[in-house]
Amino acid sequence: MSAVEIEGLTKRYGDVTAVSELSLSVDRGEVFGFLGPNGAGKSTTINVLLGFLDPTAGEVSVLGTDVTNEPQSVKARVGLVPEAFEPVPNLTGREHVAAAVETKGADDDPDALLDRVGLDPDDARRPAEEYSTGMFQRMALAVALVGEPDLLVLDEPSAGLDPNGVQLVREIVRAEADRGAAVFFSSHILDEVERVSDRVGILQDGELTAVNSVENLRDDLGMGSVVSATVDDVPDLDPLRAVDGVTDVSADGSTVRVACAAPGAKMVALRRIDEHATVADLTVEESSLEDLFEAYTTDRPGGDDTATDADTDGRPAKGSGPEAATVGGERA
Amino acid sequence: MSSATVARTDFRSIRRSYAVVGVVVAFAALSALVFLGSGEVHPHPVRTTFGLSALVAWALPLFLAPLAYLAVAGDRTRGTITYHLGLPNTRAAYVRGKYVTRAGVAVATTALGVAVAFAVAFATYEHAPDPGRFLAFGVLSTAFALAMVGVFLAVSASVTSRSRAMVGVVGAYFLLSAFWVGPLPVLNLGTALDAVAALPGVGLSDSVRALISSLSPAGAYFNLLPELVWADAPGEYAALQQFAGRPDYLGYEPWFNGLVLVGWVVGAPLVGYLRFRAAELG
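Residue numbers (my numbering), protein chains in the order written: chain D, 1 to 332; chain F, 333 to 614.
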């Protein structure tokens, strides 16, 4: 049974469509990164998941329960870090966590949870409205962890956190997933999402343009990696361009850059360079999630001519972009 | 269970606010002043409850409004509502918890004010205060305060911004208290009914006017006081005797006014919940 099952979700506000025909599923024990530019519909989707908003159309099931009919039974098994909320005035961080423990009927020790998220015990007894953003996020994460939820919904959990805090969030997310919880994870820190997510979904203008692992998204967009070789003398680049799997070759001073869509193309290209020049230095950069995100949400190369590249099953051909991206065998 | 948790959380929050202490203390101080200033003029404390009733009807809602208008709207504006409703609290439990805390403050404020008035009367008046009359006055005043807090909470639960909550609460106060049974010479219900009655073909009998006047919390409150607090009061004060021999209109019947007041106490927060239940939060 999926932890989250969304089928044909549409949410409209008057004439504005915030989310359109969104379908995706998240399995138990999976970390799902939910990405998209501001206004793409991420928060709307999360608010529907939690029963804060009713869908205009479609079905949303969380942990096997229809969230529109039984939001309470769903919320008892969900931990939430909402985006941009303020604390209850005059309440300490510990009291926020203790109230969550009481509401969920859990037997968690609030101090242990606060210790797990790295909030100092003295700070935990200060009013939460005095917290820095990072301290507040730690408290919110402790609230979300109450009762060992089966689904964690984290909306920008690392906002305002220092690098140690970001690392801590990553560790907690992985630990929760290892425990069997599903993690629905929205963040603007793409590096963080890339490191922690099993799969990512990219939302743009209310529509899901891609769902897959970062690796598969790279393959699908032909944005595998870039080999940069520093050479004594730049060779003829045409033999490099002829290598199967090489998508782009350029030279800048004594550096030759070869973009490889296929993993096997890297060594072949490197041998070609080595045949005609002495390689003094070498780096290999994989395209980041940021590159993929840009490709799926802007009109960068690889994202324009997709309709003609898509095959008859609706799956994108190599080098195709977001508009036709029913990648990874999932509906997108 | 979750309703109690919301209420407890909310109570912890507001009791640490100086505003709550200020409201409770300020109303108690004003109640004491009303009685301290009238002891030599009216030797019977019951006469001074006439003046205190005006303080209850026109000033007490203004004291309670700042504590109530952001009860729900403030949480929505700050996003704090996602903390409460992200936990397994139903919307009904959330609104109930919010109402319980605000109602608790209203009850404490009113009860303390009346208790202080009783104590001052006991200590300084020529005639001892009648505990029964003060108890009835306290119960009626508390019911009125609860009705107004219910209205304010309903407004707060129905809007999405602080400014709308403030405008709505001030508007509700003005309409239901100041305008309906208020001291303003022109801006009041009587003038409005006169204007309606002056229209060609429209006539308003005294019984209909009495009925309409009783339909607000303040109207019902003022209609109940003569029967339950001031009836057969000692001292033959004209202010209290003016209500003797009122016509047998439905609008003056204690049971009807009691029903109106209970209707506001129960109905207002219920309407607020029904509005909130269907609200889109996000």
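The beta carbon of each residue, even a glycine, is placed where N, CA and C say it ideally should be.
DSSP three-state assignment for residue i, whether helix, strand or coil
i	result
D/Val249	strand
D/Pro87	coil
D/Pro127	strand
F/Ala386	helix
D/Phe52	coil
D/Ser228	strand
D/Ser25	strand
F/Glu661	In the structure as shown, chain F starts at 333 and stops at 614, and residue 661 of chain F therefore has no counterpart that could be examined.
D/Thr283	strand
D/Ser61	strand
D/Leu35	strand
D/Thr45	helix
D/Val4	strand
F/Thr409	helix
D/Pro301	Any answer about D/Pro301 is weak, because its pLDDT of 42 lies below 50 and its placement is not dependable; what the coordinates show is given next. Correct three-state label for D/Pro301: coil.
F/Val418	The question names Val, but residue 418 of chain F in the sequence shown is Gly. Three-state DSSP puts F/Gly418 in a helix.
F/Tyr350	helix
Cβ of residue i within 8 Å of any chain F Cβ
i	result
D/Glu86	yes
D/Thr103	yes
D/Asn90	yes
D/Glu176	no
D/Ala182	no
D/Ala307	Any reading at D/Ala307 must be qualified, since the residue scores a pLDDT of 30, below 50, and its modelled position is unreliable; the value itself is stated next. Judged by the 8 Å Cβ criterion, D/Ala307 is not in contact with chain F.
Residues that residue i bridges to, as DSSP identifies them
i	result
F/Pro375	DSSP, once it has assigned bridges, lists no residue as partnering F/Pro375.
D/Asn212	D/Val200
D/Lys75	DSSP, once it has assigned bridges, lists no residue as partnering D/Lys75.
D/Lys11	D/Val19
D/Val258	D/Val227, D/Val249
F/Thr341	In DSSP, F/Thr341 forms no bridge with anything.
D/Asp274	None; D/Asp274 has no bridge partner.
D/Leu334	Lying before the first or after the last residue shown, residue 334 of chain D is absent from chain D, which here runs from 1 to 332.
F/Val427	DSSP output for F/Val427 lists no bridge partner at all.
D/Glu192	Looking at the DSSP assignment, D/Glu192 forms no beta bridge with any residue, so it has no partner.
D/Asp205	Beta-bridge pairing links D/Asp205 to no other residue.
D/Thr92	D/Pro127
D/Asp66	D/Ser61
Contact with chain D by residue i, beta-carbon distance below 8 Å
i	result
F/Gly614	yes
F/Ser488	no
F/Pro398	no
F/Pro393	no
F/Asn421	yes
F/Gly369	no
F/Arg410	yes
F/Leu417	yes
F/Ser301	Nothing in the structure corresponds to residue 301 of chain F, since chain F is present only between 333 and 614.
F/Thr337	yes
F/Gly436	no
F/Ser539	no
F/Thr341	yes
F/Thr380	no
F/Thr414	yes
F/Ser334	yes
F/Leu606	no
Chain C contact for residue i (CB, 8 Å cutoff)
i	result
F/Gly418	The displayed structure is made up of protein chains D and F, and chain C is not among them.
_Using a Cβ-Cβ cutoff of 7 Å, what residues of the segment 25 to 53 of chain D are near chain F? List them in chain order._
When C-beta distances to chain F are compared with 7 Å, the residues of the segment 25 to 53 of chain D below that value are Ser43, Thr44, Asn47, Leu50, Phe52, Leu53, in chain order.
*Using a Cβ-Cβ cut-off of less than 9 Å, list which residues of the segment 52 to 85 of chain D approach chain F; keep chain order.*
Sequence-ordered contacts of the segment 52 to 85 of chain D with chain F read Phe52, Leu53, Asp54, Pro71, Gln72, Ser73, Val74, Lys75, Ala76, Arg77, Val78, Gly79, Leu80, Val81, Pro82, Glu83, Ala84, Phe85 [C-beta pairs closer than 9 Å].
*Would you be able to state if there are at least three C-beta pairs under 8 Å between the segment 359 to 372 of chain F and the segment 570 to 585 of chain F?*
No, the segment 570 to 585 of chain F does not touch the segment 359 to 372 of chain F.
*At a Cβ cut of 8 Å, what residues of the segment 95 to 126 of chain D count as close to chain F, listed as they run along the chain?*
For the segment 95 to 126 of chain D, the set of residues with a beta-carbon nearer than 8 Å to any beta-carbon of chain F comprises Glu95, His96, Ala99, Ala100, Glu102, Thr103, Lys104, Gly105, in chain order.
*Determine contact between the segment 511 to 519 of chain F and the segment 467 to 481 of chain F, defined as no fewer than three beta-carbon pairs at a distance below 8 Å.*
Segments in contact, no.
_Short-range partners of chain D found in the segment 343 to 358 of chain F, where Cβ spacing is below 9 Å_ = Hits within the stretch, in order: Arg344, Ser345, Ile346, Arg347, Arg348, Ser349.
*asked:* I'd like to know if the segment 480 to 493 of chain F and the segment 394 to 406 of chain F are in contact, where contact means that at least 3 CB-CB pairs between them fall below 8 Å.
replied: At 8 Å Cβ cutoff, the stretches touch.
*the segment 522 to 534 of chain F touching the segment 426 to 440 of chain F, judged by at least three CB pairs closer than 8 Å*: When Cβ pairs closer than 8 Å are counted between the two stretches, the segment 522 to 534 of chain F is seen not to touch the segment 426 to 440 of chain F, the count staying below three.
*How about the segment 186 to 198 of chain D and the segment 223 to 233 of chain D: do they share at least three Cβ pairs that are nearer than 8 Å?*
In short, these stretches do not touch, since the Cβ pair count stays below three.
_Counting beta carbon pairs with one atom in the segment 444 to 451 of chain F and one in the segment 344 to 361 of chain F, are three or more of them shorter than 8 Å?_
Taking one beta carbon from each stretch, the segment 344 to 361 of chain F and the segment 444 to 451 of chain F have 3 or more pairs nearer than 8 Å; the two touch.
*Taking three-plus beta-carbon pairs below 8 Å as touching, is the segment 205 to 214 of chain D in contact with the segment 57 to 69 of chain D?*
Segments in contact, no.
*the segment 159 to 177 of chain D touching the segment 95 to 107 of chain D, judged by at least three CB pairs closer than 8 Å*: Contact fails: fewer than three Cβ-Cβ distances are below 8 Å.
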